[in-house]
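K.L.:
There are 8 protein chains.
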Amino acid sequence: MTDEMDRRIITLLNQDGRAAYKDIAARLDVSEGTIRNRINRLLEDGRLRVMGAIDPDLAPSKQLVLLGIRIACSKDLSKKAEEIARLDGVLALHLTTGRFDILAELWLDAKVGLIQFLGQTLAQIDGIVSTESFLAMKSFNKWIPQSDL
Amino acid sequence: MTDEMDRRIITLLNQDGRAAYKDIAARLDVSEGTIRNRINRLLEDGRLRVMGAIDPDLAPSKQLVLLGIRIACSKDLSKKAEEIARLDGVLALHLTTGRFDILAELWLDAKVGLIQFLGQTLAQIDGIVSTESFLAMKSFNKWIPQSDL
Amino acid sequence: MTDEMDRRIITLLNQDGRAAYKDIAARLDVSEGTIRNRINRLLEDGRLRVMGAIDPDLAPSKQLVLLGIRIACSKDLSKKAEEIARLDGVLALHLTTGRFDILAELWLDAKVGLIQFLGQTLAQIDGIVSTESFLAMKSFNKWIPQSDL
Amino acid sequence: MTDEMDRRIITLLNQDGRAAYKDIAARLDVSEGTIRNRINRLLEDGRLRVMGAIDPDLAPSKQLVLLGIRIACSKDLSKKAEEIARLDGVLALHLTTGRFDILAELWLDAKVGLIQFLGQTLAQIDGIVSTESFLAMKSFNKWIPQSDL
Amino acid sequence: MTDEMDRRIITLLNQDGRAAYKDIAARLDVSEGTIRNRINRLLEDGRLRVMGAIDPDLAPSKQLVLLGIRIACSKDLSKKAEEIARLDGVLALHLTTGRFDILAELWLDAKVGLIQFLGQTLAQIDGIVSTESFLAMKSFNKWIPQSDL
Amino acid sequence: MTDEMDRRIITLLNQDGRAAYKDIAARLDVSEGTIRNRINRLLEDGRLRVMGAIDPDLAPSKQLVLLGIRIACSKDLSKKAEEIARLDGVLALHLTTGRFDILAELWLDAKVGLIQFLGQTLAQIDGIVSTESFLAMKSFNKWIPQSDL
Amino acid sequence: MTDEMDRRIITLLNQDGRAAYKDIAARLDVSEGTIRNRINRLLEDGRLRVMGAIDPDLAPSKQLVLLGIRIACSKDLSKKAEEIARLDGVLALHLTTGRFDILAELWLDAKVGLIQFLGQTLAQIDGIVSTESFLAMKSFNKWIPQSDL
Amino acid sequence: MTDEMDRRIITLLNQDGRAAYKDIAARLDVSEGTIRNRINRLLEDGRLRVMGAIDPDLAPSKQLVLLGIRIACSKDLSKKAEEIARLDGVLALHLTTGRFDILAELWLDAKVGLIQFLGQTLAQIDGIVSTESFLAMKSFNKWIPQSDL
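Residue numbers (this note's numbering), protein chains in the order written: chain X, 78 to 226; chain F, 78 to 226; chain H, 78 to 226; chain W, 78 to 226; chain S, 78 to 226; chain Y, 78 to 226; chain C, 78 to 226; chain P, 78 to 226.
1. Name the chain W residues whose beta carbon is nearer than 8 Å to that of V142 (chain F)?
2. Measuring only between beta-carbons, confirm whether K215 (chain P) sits less than 9 Å from chain S.
3. For the 8 Å Cβ check, are there 3 or more pairs between the segment 188-195 of chain X and the segment 84-91 of chain S?
4. Could you please give the first and the last residue of the uninterrupted beta strand (DSSP E) stretch that includes A213 (chain W)?
5. How about Q140 (chain S) and A96 (chain S): do their beta carbons lie closer than 9 Å?
6. Who are the Cβ neighbours of I101 (chain C) in its own chain at under 7 Å, not counting the five residues just before and after it?
7. Any beta carbon from chain W within less than 9 Å of I192 (chain F)'s own beta carbon?
8. Quick one: which unbroken beta strand (DSSP E) runs of 3-plus residues sit fully inside the segment 161-208 of chain S? Chain order, please.
9. Could you tell me which residues DSSP pairs with I87 (chain F) in its beta bridges?
10. Less than 9 Å between the C-beta atoms of N218 (chain Y) and A136 (chain S), yes or no?
11. What is the rounded straight-line gap between the Cα of G166 (chain F) and the Cα of V142 (chain W)?
12. Out of S:L125, S:I146, S:G175 and S:I131, which has the shortest C-alpha to C-alpha gap to A181 (chain S)?
13. What does L226 (chain P) reach in chain Y if we use C-beta pairs closer than 8 Å?
14. Starting from A130 (chain C), follow the beta strand (DSSP E) in both directions and report where the run begins and ends.
15. Have a look at L185 (chain P) and S224 (chain H) and give me their C-alpha separation to the nearest angstrom.
16. Give me whichever residues DSSP pairs with V142 (chain C) in a beta bridge.
17. Put D147 (chain S) into one of helix, strand or coil per three-state DSSP.
18. What do you get for R176 (chain X), buried or exposed, if any count of 16 or more other CB atoms within 10 angstroms of its CB means buried?
19. Check the Cβ of A162 (chain F) against every Cβ in chain X and list those closer than 8 Å, keeping chain order.
20. Comparing alpha-carbon positions, which option in C:L226, C:I179, C:L212 and C:R118 lies nearest S216 (chain P)?
21. Considering only the alpha carbon of each residue, which of X:Y98, X:T208 and X:P133 lies closest to N117 (chain X)?
22. With C-beta atoms as the reference, is L226 (chain Y) less than 9 Å away from I131 (chain S)?
23. I'd like to know whether the C-beta atoms of L154 (chain Y) and T208 (chain Y) end up nearer to each other than 9 Å.
24. Going along chain C in order, which residues have a C-beta closer than 7 Å to the C-beta of R118 (chain P)?
25. Does S155 (chain X) have its Cβ less than 9 Å from a Cβ in chain F?
26. Determine whether the Cβ of G175 (chain Y) lies closer than 9 Å to any Cβ atom of chain P.
27. Give the residues of chain X in contact with R147 (chain P), contact being defined as C-beta atoms less than 7 Å apart.
28. Exposed or buried, what is A213 (chain W) when buried is set at 16 or more other beta-carbons lying within 10 Å of its beta-carbon?
29. Leaving out the 5 sequence neighbours to the left and right, which residues in its chain are closer than 7 Å to W210 (chain X) when beta-carbon positions are compared?
30. Would you mind giving the Cβ-Cβ distance between L105 (chain H) and M82 (chain H), rounded to the nearest angstrom? I have them listed as a contact below 8 Å.
31. Give a yes or no on whether 9 Å exceeds the smallest Cβ distance from A158 (chain C) to chain P.
32. If the criterion is Cβ atoms closer than 9 Å, does the pair I221 (chain X) and E160 (chain X) meet it?
33. Against K152 (chain S), what residues of chain H qualify as contacts under a CB-to-CB distance less than 7 Å, listed in chain order?
34. I need the straight-line Cα distance from T79 (chain P) to E121 (chain P), nearest angstrom please.
35. How big is the Cα-Cα spacing for K152 (chain F) and A149 (chain H)?
Right, here's the structure in full:
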């Protein structure tokens, strides 16, 4: 169970993922060991991830793309989504309500990356009915867990 | 300038943002001081952010929403985008090509959060022509820099 | 609080809203007074409604219409929705995610009812950006709380 | 044939489906036996249903969804519609004019219910070309003949 | 009231609007005077129109266009429709369900006629939100009551 | 070749398809024989049709529907169109530019006619990808060459 | 008037705009003076343009964008189009049938050029209702009359 | 490598593709031989094309059409695009982001050219899911490398 203390730790890590255990401990007025234990348990349980990330607008050789995907109605919607989520270039993926079945966040080579993704990478998955791409020309507060600066 | 060493540091932090300076140093075969200096400079320059983040599927009281926004053509497209990016509940925002002018990532209270966002928060910004929402029912590899577990 | 007994009562009323108190009592093995009290409290609290309803396909002079509505972004989304919900001919109304802001269920005179609704009734509400109508040509399991047989 | 007396009975039952036979009789100035006979005949003929129903906004574990469905043009449009109408989670279904072939009203578990419906329940029906979902975030005057309070 | 005899007369005129009164009379086994009287009454009542018409594909200087129109929601939907129906170039006009409020059939000069219609003729009507044009490249069984061969 | 005299004859027949040969002759100041010959030649060549037609708004048992059709890209676009044009209920059909491949004008039984057309009549034609229907709720200056008053 | 000889000259210039007058003359078996005169007259009349152009895929700092534009219905559709056609970055512009009023071909700085065009350049023109952008990721046989290699 | 001198040459050729070598040389203050060599190398490398072109609005027998194409997701997106680019009537073709996979520029016979292109020419390519056409009714600054004046 995540309690109030966990939430306060996570909030501090949201702002500074590199914060030292002892500084977090001082802020929350508990022992450093407690902080260390709790963070480790949160990380092990998958309830927390601390990740280095870059600003997409500072990576000129890369392109952030949001891709709406419609897939043929089938018994394996979640399995399909998992397969697509594992493809090279897919940062994150959402099963969504509305006009698309899936909205994927892609991190691709500028210019030709999307053609390659659609024509080669995604083409391995069958049952894709149609796609619609949205290129992020400029992003605000977006952080990409990649190192392509 | 970001060099190969910086990129290797960022790659290690992508995977584990809490990695100790000395472990990174050992992996890259340089001194701990070098790693510490480089990480600090990357953070100061805004080229790197290390952030604690949670899995949206583990936060049942919250809802991740992608919101397509069309705004009236005007001289202040970028300024509008900045204003919207600062609104409560907006995680990230993209100026996009295609059918929408803006795609925003929202982190809202489940059920009524989107109504409140559209009817109160976003309604403060004039010039919004229309919106179209996509609720993330399930996400893969998505990490939210918030603490609402 | 709604408990398991309440739910079992509601389930029986789902199937037969006219079921006698004593029959429900016999089915659930409690006293008739208990059933009567519980039903009355559910009704008073607005947690239950028992309503007579007709099959729309048996009312040839009437037309069931689903109407998607987009309204201008404004501070009074919920208030607008309430106003529209009170209009003559509106059976029910939903604030929805996706392509429309509102989906309304309308019960109108066949042929000219929709023209009158759009051109007179709905036209009283300002801020309607666009509408898109879907006429129900045939319905399954739909029950309308009206008496236009 | 439904006559004026039938319609007046139905109107009273619209407002209060639990109204006692003798109260209806008093209101319409006829004998209780006449009311009882007429209501029974209306129910038997399928011209009237009296049903207990709940307010969807009071059932936090459930989600009302409107689902637009396009099905491949085929000789069995009505049969398909009937099959879909019988699926678990489908409250009502309409063959509609316009952009969709079918609009279905779904009552599903909050969060994962729609994924399960699309990926498992609806996936049993072949010939579905595409779907577009609209989640009801808030409903006005909507009553669901279920007991999930 | 239109009776079976009227309908049989109209059916014959559907096929051959120039059919002689006496030939129609012979076909229907009544007197020529009866036919003449009935046709005149149908024409006077507006229940029948007999019109000369041409095949649009034989008029190369003209273009048949179907135009979807969305108009701002307003109290005068029918009046607007009437105004548009009277514009030069409008053959017929329909208030429609679905994505458009109005679908108009236009008969315009090839090439520049549609630009002139949109930019000059229709521009006189205010409250037009958007239009979407469909040019008929080839028509089957379409007859235009004009003389531009 | 259609000349100015032909066009003047057609214009008179546009307004009154039953105009007597001698009246047309008087109006155009030529002999009745010339008028008769020219009209017969225009009719024989398919350059003119004179047809009795009714106002769709006066035929309550019937429904005018405009149907957008997308068909799978194939070598027989024109042949497909011809097949559809010959189906029961199809008044006229257009191969169109834009969002649809075909726009058909349908004259169907009110209420269930469209379901039957889509599910039975049109379902005989393979290669139909999707359809979108627009019901004419009210028409201006539309004349239907049928007799269903 | 453009005659067959003119057309043959233009065809040769299509393939090689730098072809020497005497080579064209030899190919068409007329005198060099005739060729020179005819080309000059074609150029002066605006019936021919000979232009140097580059392959957009070889200009990495630039981006070819097709932009669909909807403009508010107004008396100055053609004037608006002319104004937009004169804007910096607009290569060519088309008044089109269908979903957009205008389709413009833009030649912009990669990455931020489209944001600047929408937010600054196009924003000077009032009456723009909405835009939808299509980025050319790769082009075949497209030649841009610019020099940004 | 394209240098500043090359760019200045191309700029002059943009405006006048027939400019004499010696005039370009004089403008740029270098020898005629240099200009001749550089232009030849640019042409040979495919970095420059000089082409005669006509104004589409002066070719009444022809029609410029922009065609959006969606193709089934497959391993040969680029190959498909190349095949379509080689079809008769295709001037240029773009792999695009957004709602379409491909936007093609077509130069077709007026009236029936598009039907023939869709039903015969394009129908040879399999995997085309849908098309949407936009006819250019009037173009600004558009030059077509064809000779159909």
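Think of the CB as a built atom: it goes at the ideal place given N, C-alpha and C, for glycine as much as any other residue. Remember, it's a predicted structure, so these values are computed and weren't measured experimentally.
P.N.:
The relevant details are as follows:
1. Contact annotation for V142 (chain F) against chain W: no contact, minimum CB-CB distance about 10 Å [criterion: below 8 Å].
2. Interface residue, yes.
3. Using a C-beta cut-off of 8 Å, the segment 188-195 of chain X makes no contact with the segment 84-91 of chain S, since fewer than three inter-stretch Cβ pairs fall below that distance.
4. Note, A213 (chain W): beta strand (DSSP E), I205 to F217.
5. With contacts defined as CB atoms closer than 9 Å, Q140 (chain S) and A96 (chain S) fail to qualify as a contacting pair.
6. I86, L89 and I112.
7. Contacts with chain W at 9 Å (Cβ-Cβ) include I192 (chain F).
8. Those beta strand (DSSP E) runs which fall completely within the segment 161-208 of chain S and span 3+ residues are 167-173 and 179-186.
9. Paired residue(s): none; I87 (chain F) is not in a bridge.
10. Contact annotation: N218 (chain Y) and A136 (chain S) have beta-carbon atoms that are not nearer than 9 Å.
11. Their Cα atoms are separated by approximately 24 Å.
12. Of the listed residues, the one whose Cα sits closest to A181 (chain S) is S:I146.
13. Under the 8 Å cutoff, chain Y gives no residues; its nearest Cβ is about 24 Å from L226 (chain P).
14. Counting along the chain, A130 (chain C) sits inside the beta strand (DSSP E) bounded by residues R126 to A130.
15. For the pair L185 (chain P) and S224 (chain H), the Cα-to-Cα distance works out to about 59 Å.
16. Under DSSP, the beta-bridge partners assigned to V142 (chain C) are C:L183 and C:L212.
17. Strictly speaking, residue 147 (chain S) in this sequence is Arg, with Asp absent from that position. In the structure shown, the three-state DSSP call for R147 (chain S) is strand.
18. For R176 (chain X), the number of other beta carbons within 10 angstroms of its own is at least 16, and it is reported as buried.
19. Chain X residues near A162 (chain F): F217 and N218.
20. The residue with the shortest Cα to Cα distance from S216 (chain P) is C:I179.
21. With respect to the C-alpha of N117 (chain X), the residue from X:Y98, X:T208 and X:P133 having the closest C-alpha is X:Y98.
22. No. Outside cutoff.
23. Their beta carbons are not under 9 Å apart, which means L154 (chain Y) does not touch T208 (chain Y) by this criterion.
24. The contacting residues do not exist; R118 (chain P) stays about 12 Å from chain C at best.
25. At least one chain F Cβ lies under 9 Å of S155 (chain X).
26. It does; some Cβ of chain P falls within 9 Å.
27. Near R147 (chain P) (Cβ distances below 7 Å), the residues of chain X are S207.
28. The residue is buried, with at least 16 neighbouring Cβ atoms inside 10 Å.
29. Per the sequence shown, residue 210 (chain X) should be read as Ser rather than Trp. These residues qualify, in order along the chain: V142, L144 and L191.
30. With a Cβ gap of about 7 Å, L105 (chain H) and M82 (chain H) count as contacting.
31. Closer than 9 Å: yes.
32. Their beta carbons are not under 9 Å apart, which means I221 (chain X) does not touch E160 (chain X) by this criterion.
33. Going along chain H in sequence order, the residues near K152 (chain S) (Cβ under 7 Å) are G196, Q197 and A200.
34. Going by C-alpha positions, T79 (chain P) is about 13 Å away from E121 (chain P).
35. C-alpha separation (whole angstroms): 21 Å.
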